[in-house]
Amino acid sequence: MAKTLVIQPVTRIEGHAKITIQLNDAGNVDLARVNVIELRGFEKFCLGRPVEDMPRIMPRICGVCPWSHHLASAKACDAVFGVEPPPAAKKLRELCNSVAFMEEHILHFYFLAGADFLLGPDADYSIRNVVGILKAAPEIARRVVKVRHLAAHMLEILAAKAIHPQAAVPGGFSKPLAPENRDQLRKMADETLDLAKFSIAFAKENVFPKYMETVKSLGVITTGFLGTVKDNGALNLYDGKLRMMTPEGSFEDFPYDRYTDYISEHIESWSYLKFPYAKKWGSFSMDLAKPSGIYRTNTLARMNVCDFIDTPLAQAELEEFRQKFGRPAQLTLLYNWARLIELLYNAENVIRLLEDPEITSTETRVKVTPRAARGIGCTEAPRGTLIHDYTTDADGMITNANLIVGTTHNNAPINMSVTQAAKSLIHDGKYDQGVLNTVEMTIRAYDPCFSCATHRLDGKVSVRLDIVDAEGTLLDTLTN
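Just so you know, we're using my numbering here: the sequence shown kicks off at 7 and counts up by one.
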């Protein structure tokens with residue numbers, strides 16, 4: 007008899023989602039879907055607001071990755087006003103971006119994905135969590151918590167606030183970095199680099215070899231990739247050009263303000279997330295046997311699209327990674343390995359920026375004047391390429407806003423990976439808690455942030471609100 011399995015909630019991610027798996031009469035998987043069950047309307051309630059408010063509003067999309075939205079929004083504002091921030095302002099923004107990346111990648115590897123690898127996907131859910139990690143590896147856990155706190159403190163020194171920042175402003179950065187604060191941060195940066203070096207060495211020795219068969223089989227799909235590179239092809243997470251890579255490894259570079267020439271957005275009735283796809287590759291299709299237009303973003307994508315990394319330790323890790331898995335690497339669980347390479351890169355980049363004499367320049371902003379214009383800002387967020395697109399009237403008021411976030415780019419691939427995992431693990435109606443958690447692992451590899459991704463409300467997605475009384479009796483249903 008046909009049956010529907012529901013995994014709800016999906017755990018150890020940012021935001022809320024459930025997995026619906028449809029079994030046929032033989033107990034095998036016909037279809038699996040990731041249903042995002044939250045909705046936020048940022049693109050709508052920004053309309054009519056002064057554009058200079060956007061860098062203060064947009065971090066509220068997510069308390070986990072506020073810096074990414076803050077910086078992409080500030081860059082979009084720069085474009086709206088038609089100004090170029092001073093060099094020191096760009097470097098301070100990039101410095102904050104790299105510190106925030108470190109904090110995020112530490113969180114994901116050790117506390118979100120880490121429970122599966124350190125405790126095992128079959129471990130009881132009551133211990134397969136951050137508390138279980140603290141008990142299983144207390145020394146490592148204490149060190150990780152300390153360095154995450156250190157990274158947050160570094161952001162406070164740089165920008166007064168680690169969460170919901172206001173430091174990046176249209177035209178630059180709100181305050182210069184004092185030399186004494188630079189020296190304080192430089193000492194702290196050494197400790198973050200030590201943890202980054204430890205993390206990738208620990209994972210290569212104790213984690214990835216143990217689960218390599220799972221890495222080679224779970225959630226595996228074949229897609230293209232999108233990420234940001236410098237003009238010379240080097241990895242960059244704050245600024246550069248976008249590179250769209252085909253599944254075969256060829257690629258095309260383009261300025262991010264031309265993203266609509268390369269990316270279209272598909273909508274399905276069963277999800278509040280959009281489905282971006284590469285418009286030059288044909289129509290949208292999530293068919294595992296013959297996908298069309300599908301590309302991925304986030305750490306694995308960035309390792310694939312860049313030609314090299316311009317910091318020595320991360321470059322050495324990238325060379326080893328490519329020797330093992332090729333370019334482009336397609337295995338979904340390799341997102342976790344790529345995340346640690348990026349952790350190392352950002353730790354090195356923080357030190358490089360702090361040692362740049364220009365970082366303490368007092369010239370950190372230029373004057374801006376409202377005008378009717380369209381401005382597009384783009385950065386790499388921990389979860390993928392982040393695009394903010396604003397249009398203003400002559401008074402500088404927002405008349406249109408469009409956001410494409412990292413998790414939105416990965417919406418179709420996440421669904422494809424979950425389908426592949428469910429089909430490979432569930433046969434003849436046989437499954438258990440460990441099997442279902444292993445299906446969840448494919449989502450966690452992408453480190454999705456559904457709070458960031460479910461921001462659109464345009465009438466194309468149906469919304470239903472059930473009104474119930476205290477006893478759960480349905481009183482009324484409202485729909486759009």
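The C-beta atom is built at its ideal place from N, Cα and C for all residues, glycine as well. Please read these numbers as outputs of a predicted model, since none were measured by experiment.
Check: How would you call residue 480, buried or exposed, if buried means at least 16 neighbouring beta carbons within 10 angstroms?
Finding: Reading the sequence shown from its first residue, position 474 is the one you call residue 480. Residue 480 should be labelled exposed.
Check: Where does residue 119 sit, in a helix, a strand or coil, going by DSSP?
Finding: Within the sequence shown, residue 119 is the residue found at index 113, counting from 1. Correct three-state label for residue 119: coil.
Margin query: Spatial neighbours of residue 352 within its chain, please: C-beta separation below 8 Å, excluding the five flanking residues on both sides.
Written below: Position 346 of the sequence shown holds residue 352. Around residue 352, the same chain offers 104, 105, 107, 108, 111, 202 and 243 as residues with beta carbons nearer than 8 Å, after the five sequence neighbours per side are excluded.
Check: Which residue comes first and which comes last in the beta strand (DSSP E) that contains residue 362?
Finding: Walking along the sequence shown from the start, residue 362 turns up at place 356. Element bounds for residue 362: n/a, residue is neither H nor E.
Next item on the list: In angstroms with no decimal places, state the Cα-to-Cα distance between residue 25 and residue 86.
Entry: Locating residue 25 in the sequence shown gives position 19, counting from the first residue. Locating residue 86 in the sequence shown gives position 80, counting from the first residue. About 40 Å.
Checklist line | Identity of the residue in 388, 194 and 123 nearest residue 415 by Cα | finding: Here residue 415 refers to the residue found at position 409 when the sequence shown is read from its first residue. The shortest C-alpha to C-alpha distance from residue 415 to any of 388, 194 and 123 is the one to 388.
Check: For residue 465, which of helix, strand or coil comes out of DSSP?
Finding: In the sequence shown, residue 465 corresponds to position 459, counting from 1. Model confidence at residue 465 stands at a pLDDT of 42, short of 50, so the residue's coordinates are unreliable; what they give is reported in the following sentence. If DSSP states are grouped into helix, strand and coil, residue 465 belongs with coil.
Next item on the list: Since I believe residue 91 is in contact with residue 371 (beta carbons under 8 Å), could you give me their beta-carbon distance rounded to a whole number of angstroms?
Entry: In the sequence shown, counting from the first residue as 1, residue 371 sits at position 365. In the sequence shown, counting from the first residue as 1, residue 91 sits at position 85. Right, the Cβ-Cβ distance comes to about 7 Å (below 8 Å), so this counts as a contact.
Next item on the list: Check residue 450 in the structure and name its three-state DSSP category.
Entry: Here residue 450 corresponds to residue number 444 of the sequence shown, with the count starting at 1. When secondary structure is reduced to three states using DSSP, residue 450 falls in the helix class.
Note to self: Spatial neighbours of residue 220 within its chain, please: C-beta separation below 7 Å, excluding the five flanking residues on both sides.
What the structure shows: As a first step, residue 220 must be located in the sequence shown, where it is residue number 214. When the five nearest sequence neighbours on each side are left out, the beta carbons in the same chain lying within less than 7 Å of the beta carbon of residue 220 are those of 339, in order along the chain.
Checklist line | Own chain residues within Cβ distance below 7 Å of residue 447, not counting five before or after | finding: Residue numbering aside, residue 447 sits at position 441 when the sequence shown is read from its first letter. Apart from sequence neighbours up to five positions away, the residues of its chain that approach residue 447 with a beta-carbon distance below 7 Å are 122, 127 and 224, ordered along the chain.
Margin query: Quick check: what's the CA-CA separation for residue 49 versus residue 143?
Written below: The residue labelled residue 49 in the question sits at position 43 within the sequence shown. The residue labelled residue 143 in the question sits at position 137 within the sequence shown. Cα to Cα, residue 49 sits roughly 43 Å from residue 143.
Note to self: With distance defined between alpha-carbon atoms, name the residue in 459, 384 and 294 nearest to residue 233.
What the structure shows: Stepping through the sequence shown from its first residue, residue 233 is reached at position 227. Closest option to residue 233, Cα to Cα, is 384.
Next item on the list: Specify whether the region 327 to 342 and the region 287 to 295 touch according to this definition: at least 3 beta carbon pairs, one from each stretch, less than 8 Å apart.
Entry: No, because fewer than three Cβ pairs between the region 327 to 342 and the region 287 to 295 fall closer than 8 Å, the two stretches do not touch.
Check: So, are the CB atoms of residue 125 and residue 138 less than 8 Å apart?
Finding: Numbered from 1 along the sequence shown, position 119 holds the residue referred to as residue 125. Numbered from 1 along the sequence shown, position 132 holds the residue referred to as residue 138. Yes, the pair counts as a contact, with Cβ atoms nearer than the cut-off.
Next item on the list: Starting from the N-terminal side, write out each stretch of the alpha helix (DSSP H) that is 4 residues or longer and does not extend beyond the region 104 to 171.
Entry: Within the region 104 to 171, complete alpha helix (DSSP H) segments of at least 4 residues are found at 120 to 125, 136 to 142 and 144 to 165, given in chain order.
Notebook entry, point to check: Since residue 491 is in the beta strand (DSSP E), which residue starts that stretch and which ends it?
Noted result: No answer is possible for residue 491: the residues shown for the chain start at 7 and end at 486.
Checklist line | Helix, strand or coil at residue 430 according to DSSP, with G and I counted as helix | finding: Reading the sequence shown from its first residue, position 424 is the one you call residue 430. Residue state for residue 430 is assigned as helix, using DSSP reduced to three classes.
Notebook entry, point to check: Using the C-alpha atoms, what's the distance from residue 346 back to residue 464?
Noted result: As a working note, residue 464 is residue 458 in the sequence shown. As a working note, residue 346 is residue 340 in the sequence shown. The predicted model places residue 464 with a pLDDT of 49, which falls under 50 and marks its position as unreliable; any figure quoted below should be read in that light. Cα to Cα, the separation comes out at about 37 Å.
Next item on the list: Have a look at residue 462 and residue 18 and give me their C-alpha separation to the nearest angstrom.
Entry: Working through the sequence shown from its first residue, we reach residue 462 at position 456. Working through the sequence shown from its first residue, we reach residue 18 at position 12. Only weak support is given to the placement of residue 462: the predicted model assigns it a pLDDT of 49, under 50, and the value that follows is read from those uncertain coordinates. Looking at the two C-alpha atoms, the distance is approximately 24 Å.
Checklist line | Residues of its chain near residue 336, where Cβ-Cβ distance is below 8 Å and the 5 sequence neighbours each way are ignored | finding: Here the question's residue 336 lines up with position 330 in the sequence shown. Closer than 8 Å at Cβ, skipping near neighbours: 226, 227, 228, 229 and 253.
Checklist line | Alpha-carbon to alpha-carbon, residue 278 and residue 93 | finding: Sequence index remark: in the sequence shown, residue 93 carries index 87 (1-based). Sequence index remark: in the sequence shown, residue 278 carries index 272 (1-based). Each residue's Cα considered, the two are about 39 Å apart.
Margin query: Considering only heavy atoms of the ligand SAM, does any lie closer than 7 Å to the CB of residue 90?
Written below: The ligand content of the structure shown is nil, which means the ligand SAM is not present either.
Next item on the list: Please say whether residue 77 and residue 359 have beta carbons closer to each other than 8 Å?
Entry: Position 353 of the sequence shown holds residue 359. Position 71 of the sequence shown holds residue 77. No; because the gap between Cβ atoms is not below 8 Å, this pair is not in contact.
Notebook entry, point to check: Between residue 380 and the rest of its own chain, which residues show a CB-CB distance below 6 Å, the 5 nearest in sequence each way excluded?
Noted result: Locating residue 380 in the sequence shown gives position 374, where the first residue counts as 1. Cβ contact annotation for residue 380 (same chain, cutoff 6 Å, sequence separation greater than five): 397, in chain order.
Notebook entry, point to check: Can you pull the DSSP bridge partners for residue 382?
Noted result: On the sequence shown, residue 382 is found 376 positions in, with the first residue counted as 1. Looking at the DSSP output, residue 382 bridges to 395.
Checklist line | Sequence-distant residues of its chain with Cβ nearer than 7 Å to residue 412 (five each side left out) | finding: By one-based count along the sequence shown, residue 412 stands at place 406. Closer than 7 Å at the Cβ level, and outside the excluded window around residue 412, lie 303, 304, 387, 389, 390, 391 and 392.
Item checked: Residue burial classification, residue 188 (beta-carbon count within 10 angstroms, cutoff 16) -> Locating residue 188 in the sequence shown gives position 182, counting from the first residue. It is buried - the Cβ of residue 188 has at least 16 other Cβ atoms within 10 Å.
Check: If we call anything under 8 Å between Cβ atoms a contact, is residue 424 one with residue 23?
Finding: Counting from 1 along the sequence shown, the entry for residue 424 is found at position 418. Counting from 1 along the sequence shown, the entry for residue 23 is found at position 17. No. Outside cutoff.
Notebook entry, point to check: Does DSSP classify residue 301 as helix, strand or coil?
Noted result: Translated into positions along the sequence shown, residue 301 becomes position 295. Under the three-state reduction of DSSP output, residue 301 falls in the strand class.
Next item on the list: State the DSSP-derived secondary structure class of residue 215, mapped to helix, strand or coil.
Entry: As a first step, residue 215 must be located in the sequence shown, where it is residue number 209. Three-state result, residue 215: coil.
Item checked: residue 218 burial status per 10 Å Cβ neighbour count (16 or more: buried) -> As a first step, residue 218 must be located in the sequence shown, where it is residue number 212. Within 10 angstroms of the beta-carbon of residue 218 lie fewer than 16 other beta-carbons, which makes it exposed.
Notebook entry, point to check: In or out: residue 162 buried (at least 16 other Cβ within 10 Å) or exposed?
Noted result: Taking the sequence shown and counting its residues from 1, one reaches residue 162 at position 156. With fewer than 16 other Cβ atoms from the protein chains shown falling within 10 Å of its own Cβ, residue 162 counts as exposed.
Checklist line | Rounded separation between residue 281 and residue 262 - CA only | finding: Numbered from its first residue, the sequence shown carries residue 281 at position 275. Numbered from its first residue, the sequence shown carries residue 262 at position 256. The straight-line gap from Cα to Cα measures roughly 18 Å.
Item checked: Endpoints, the beta strand (DSSP E) within which residue 74 is located -> By one-based count along the sequence shown, residue 74 stands at place 68. Residue 74 -> not in any beta strand (DSSP E); alpha helix (DSSP H) instead, spanning 72 to 87.
Check: Apart from the five residues just before and just after residue 70, which ones in its own chain have a Cβ nearer than 8 Å to its Cβ?
Finding: Here residue 70 is taken as the residue at index 64 of the sequence shown, counted from 1. Scanning its chain for C-beta atoms nearer than 8 Å, with the 5 sequence neighbours on each side dropped, one finds around residue 70 the residues 20, 110, 113, 455 and 457, in chain order.
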